[in-house]
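Heads up: the structure comes next, in structure tokens.
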Amino acid sequence: AQSVTQLGSHVSVSEGALVLLRCNYSSSVPPYLFWYVQYPNQGLQLLLKYTTGATLVKGINGFEAEFKKSETSFHLTKPSAHMSDAAEYFCAVIGGTSYGKLTFGQGTILTVHP
Amino acid sequence: DGGITQSPKYLFRKEGQNVTLSCEQNLNHDAMYWYRQDPGQGLRLIYYSQIVNDFQKGDIAEGYSVSREKKESFPLTVTSAQKNPTAFYLCASSTAMTRRTDTQYFGPGTRLTVL
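Just so you know, the protein sequences line up as chains A and B, in that order.
Residue 1 is where the first sequence starts when you use the working numbering, and the numbers rise one by one after that.
Residue 1001 is where the second sequence starts when you use the working numbering, and the numbers rise one by one after that.
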């Protein structure tokens, strides 16, 4: 079985500051990892995903994430926060034989202050 | 434009009533999914379907039922047996469930409130 832990249910940053959202996973086999963003009362939108190959993955809206196997982490970063980044972010994993069955973290709400 | 539609956006139900949430996709995807979202709990899988006329229980299927009579449609019924149905329900689809790399695309969601 696989699981995802997002450290910090709420993260607050100033506009222009670095955004760092933490995600740790457990999986018995090499995982496939995803970050989704959700704006209020909307569905989820894929930011980026890691499958195989390059461990630094670039996504939409200037976000990127690095897969670190030794740390079982897939933290999401953005160098400079924008007010429009305020949303809830979910890390998710597909591991093992659970094809297509995403396991989600609890979510992190990002607040951006002017 | 291709995408996933869910209706209604808001739904109010009295206790003891069954309600059906609609999910339609025109992405030609084989696999479809229903998730429930509660604050601070992430998304939990209710049911999924890999192909027409086939579906499987997810992690929290009790009190829910689904059908998959058409490739494009995967309605979810919340029955009176569901003890705490107030939540945000999200439908998703993907090309197939045979590849772990496939991205799931999500609809806009339905917010169900039990009065």
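The beta carbon of each residue, even a glycine, is placed where N, CA and C say it ideally should be.
All values reported here derive from a predicted model rather than from experimental measurement.
At a cut-off of 9 Å between beta-carbon atoms, residue 102(A) makes contact with chain B.
For the set 1016(B), 1105(B), 1111(B), the Cα lying nearest the Cα of residue 1096(B) is the one of 1105(B). Of 31(A), 37(A), 2(A), the smallest CA-CA separation from residue 108(A) is found for 37(A). From the beta-carbon of residue 1040(B), the residues of chain A found nearer than 9 Å are 9, 106, 107.
Out of 103(A), 101(A), 79(A), 105(A), the CA that lies nearest to the CA of residue 15(A) is found in 79(A).
Setting aside the 5 residues that flank it on each side, residue 74(A) is surrounded in the same chain by 23, 33, 65, 67, each with a C-beta closer than 6 Å to its C-beta; the list follows chain order. Residue pairing from DSSP places residue 77(A) in a beta bridge opposite 20(A), 64(A). Using a Cβ-Cβ cut-off of 9 Å, residue 45(A) counts as an interface residue toward chain B, since at least one Cβ of chain B sits closer than that to its own. For a cut-off of 8 Å, the C-beta gap from residue 1048(B) to residue 1056(B) is around 6 Å, short enough to register as a contact.
Judged by DSSP in its simplified three-state form, residue 1032(B) adopts strand.
Selection 84(A), 102(A), 83(A) evaluated against residue 90(A) yields 102(A) as nearest (Cα-Cα). Taking a C-beta cut-off of 7 Å against chain B, none of the residues of the stretch 63-80 of chain A qualify. Across the set 1003(B), 1086(B), 1023(B), the C-alpha of 1023(B) shows the shortest separation from the C-alpha of residue 1073(B).
Taking all protein chains shown into account, residue 1054(B) has fewer than 16 neighbouring C-beta atoms within 10 Å of its C-beta and is therefore exposed. Cβ neighbours of residue 1081(B) within its own chain (closer than 8 Å, five residues either side excluded): 1062, 1063. When secondary structure is reduced to three states using DSSP, residue 85(A) falls in the helix class. Around the C-beta of residue 82(A), fewer than 16 other C-beta atoms lie within 10 Å, and the residue is accordingly described as exposed. When 8 Å is used as the limit between beta carbons, residue 1085(B) is near no residue of chain A, the shortest such separation being about 18 Å.
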